Every structure is written in structure tokens, then in C-alpha cells.
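Have a look at the structure below, then the notes.
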Amino acid sequence: MEDNLEIFLKSPWLYFVGLILAGGFFFFKRKFENLADKDDVASITREVESVKNEFNNDLEKLKTNLDILKSNKINLINEKRKVINEFWSSLNAWDNEIDSVFYSNLKSSSELYILQNKLSGFEKDFKNKKSILNLYLYEYFDIKLIKCINEVQILVMEKGYFVKSKAAEVVKSSLKLELSEINIDEYNNVLDGYIEEKNVFNVELIKEFTKLKEELFLILNKIHQ
């Protein structure tokens, strides 16, 4: 303290210059520290904004991808439902066509031949739809479903063969009736036997159709889960 006083007394101007220089040093030091703090804050702010923008971009991409996945899932569900409906419609169309042969008032072998060809077309369409069903829904196929489909298919095929063969007998009996080779009672007996046997097929088919329908409904429920 005495040294400072001595310096001040001997050279007061030098003392004041020293104080000014010291004050300027501390002032500019603090100023530069403030500038450095501002630069750091600006740098951090830029980094935060960069991360924020990157996050928003990633979020938008994620939303877009989720929308695409959701759309694809909906499309796949609709496609699977369509496959099931087409399979079921094809099966019923095949069975209904067999019934149409049964109820047709056939008078000639040529008429029967035309209907038999139509039946073959319906059978072929069903087999195609069955293959498509297997392709789209293979993960849902179990022993029970496979058994239901096969049993229904076998029954419809047997019914078709029966109707075609019996229809041929009816046509022959009709021609014999026209030629008076048989009487009306004999002709009616042929028809009655035809109707009775067909009804046996229908009773069994109704049971198997119901089982298959229940299995297909279970698949539809699983698809929407």
C-alpha cells in the first residue's frame, strides 16, 4: 500500500495510466468473455435447430412410411376378403349349376352334352379359385379347414357326376316314353329315384357347406385382427 502511495506521489500521471490500462484490460476481457458466451449460445442454438429439423424430417418420413404400411395392410385385407368371397361364390355357382341340370327338362342328348360342358367349366373355375385361396391364405390353412374344403369339393363332384349320369337316364327314358317303349308310371319311377338320391346329396351338402362357411368366417375375423 505504501509502495502504491509512493508511486502515486512521485508520478501521479503514471499511476492513473496504469489504472486505466488495468481497467481496460478487465473491461475487454469481460467483453470478450461475453462475446464468447454469445457465440457459444448461437452455436448451441444452431445445433438444437439442426437436431430439431432432422427430428422433424425423420418424423415426417416415419409418418409417411406408416401411412404406406397402413394402406398396404388395408389393401391386403381387402384382397384376402375378395379371394374368400370369390372362392365361396364359385363353389355356390358350381353347385347351383348342377341343380340347374337337374331341373332342366332335357329332351335330347345334345342338350345334356351342352349342360355337361357348362358344369365342367364351373368345376374348373372352382379349382382355380381354390388354388388362389390357398396362395393368399396359406398361413390360415389348418387340418380342419383343409378337411372342410376337400369334403365339400368331393360331395359337389359326386353330386355332379350323379346328376349327369342320372340326367342321361332321364333323357333315355323320355325318348322311350315318346316311342311308347315305357309307360308314364315307369318314366315317373325313374324321375322319383333321381329326385330322392339327389336330395340325399343336398342334405349332406348343406351340413358341409355350413361347416365350411363357419371356417371361412373365422379366417375373416383373423384377417382383421
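In case it helps, the numbering used here puts the sequence shown at residues 16 to 240. Beta carbons are placed, not taken as given, at the ideal position from N, Cα and C, and that holds for glycine. From a predicted model like this one, the values you see are computed outputs, not experimental measurements.
For residue i, the nearest candidate out of the options (CA to CA)
i	options	result
residue 108	154, 135, 84, 89	135
residue 225	214, 160, 97, 155	160
residue 125	221, 80, 182	182
residue 169	106, 147, 77	106
residue 239	154, 83, 132, 89	89
residue 185	127, 138, 76	127
residue 234	153, 139, 84	153
residue 149	193, 204, 101, 132	101
Where residue i falls, given that 16 or more other Cβ within 10 Å makes a residue buried
i	result
residue 216	buried
residue 218	exposed
residue 157	exposed
residue 175	buried
residue 230	buried
Beta-carbon spacing of residue i, residue j below 7 Å
i	j	result
residue 129	residue 178	no
residue 199	residue 191	no
residue 95	residue 151	yes
residue 223	residue 166	yes
residue 188	residue 202	yes
residue 98	residue 147	yes
residue 82	residue 171	no
Residue span of the alpha helix (DSSP H) that contains residue i, given as start and end
i	result
residue 168	158-193
residue 125	124-151
residue 214	199-238
Heavy atom of the ligand MG within 6 Å of residue i beta-carbon
i	result
residue 217	Ligands in the displayed structure: none, and consequently the ligand MG is not present.
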